[in-house]
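Asker:
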Amino acid sequence: MRSVRQKNTKPEITVRRLAHRLGLRFRVNRKDLPGTPDIVFPKYHTVIFVHGCFWHRHPECKRATTPKTRVEFWQEKFEKNQERDARKIAHLKDLGWRVEVIWECETENKAALEERLRSIFTLPCRVLPQCEP
Ligand SMILES: [Zn+2]
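The numbering of the sequence shown is the numbering used here, which starts it at 366 and goes up by one.
#1: Where does residue 421 fall in DSSP's three states?
#2: Quick one: grab the DSSP three-state call for residue 487.
#3: Return the chain-ordered ranges of every beta strand (DSSP E) run that is complete within the segment 379 to 449 and spans a minimum of 3 residues.
#4: Using 8 Å as the cut-off, can you tell me whether the segment 376 to 395 makes contact with the segment 477 to 490, which would need three or more C-beta pairs spanning the two stretches below that distance?
#5: For residue 465, does the three-state DSSP call read helix, strand or coil?
#6: Do residue 403 and residue 421 have their C-beta atoms within less than 8 Å of each other?
#7: Taking only heavy atoms of ligand 1 into account, decide whether any of them is closer than 7 Å to the Cβ of residue 420.
#8: From the DSSP output, in three-state form, read off residue 375 for me.
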């Protein structure tokens with residue numbers, strides 16, 4: 366199973382690729398920021414975490430299953446992950462960053478993901494050709 370700390374996951378790369386196509390400038394894994402956010406958009410003072418649904422417990426998501434064995438171990442682990450996430454996000458907000466979380470399952474529908482990025486960065490609907498009315 367994947368570790369929480371893994372970088373350059375497929376969902377992360379999907380989000381970066383799309384952000385790049387939308388003409389957004391970003392940095393990855395800025396270690397000088399709390400929690401080393403996955404993608405940092407300095408111009409918008411915004412960071413994006415791309416969270417795996419299983420490890421970070423996407424609410425109501427079918428991927429956020431709990432393994433049938435060692436239930437207590439997993440529950441404790443999940444709680445710690447969630448606490449850590451909440452702490453990172455609060456810390457970044459204290460520093461004046463806008464924090465967005467994109468879930469792994471949200472990166473599969475490219476059109477929906479594009480809409481999400483457009484709304485985060487209030488981009489006009491004409492950057493990409495398929496967006497024409
Ligand atoms: Zn999910």
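Note that the Cβ used here is the ideal one computed from N, Cα and C, for glycine as well.
Computed from a predicted model, the values in this text were never measured in an experiment.
Answerer: If we stick to the structure as given:
#1: Sequence index remark: in the sequence shown, residue 421 carries index 56 (1-based). Note: residue 421 maps to helix in three-state DSSP.
#2: As a working mapping, residue 487 is identified with position 122 in the sequence shown. Coil at residue 487, not helix or strand.
#3: Considered as a whole, the segment 379 to 449 harbours 404 to 406 and 411 to 416 as its complete beta strand (DSSP E) runs of no fewer than 3 residues, in chain order.
#4: The segment 376 to 395 is in contact with the segment 477 to 490.
#5: Here residue 465 is taken as the residue at index 100 of the sequence shown, counted from 1. Here residue 465 sits in strand by DSSP.
#6: Against the sequence shown, residue 403 aligns to sequence position 38. Against the sequence shown, residue 421 aligns to sequence position 56. Not closer than 8 Å, so no.
#7: In the sequence shown, the residue the question calls residue 420 occupies position 55. Answer for residue 420: no, Cβ out of range of ligand 1.
#8: Position 10 of the sequence shown holds residue 375. In the three-state DSSP reduction, residue 375 falls in the helix class (H, G or I).
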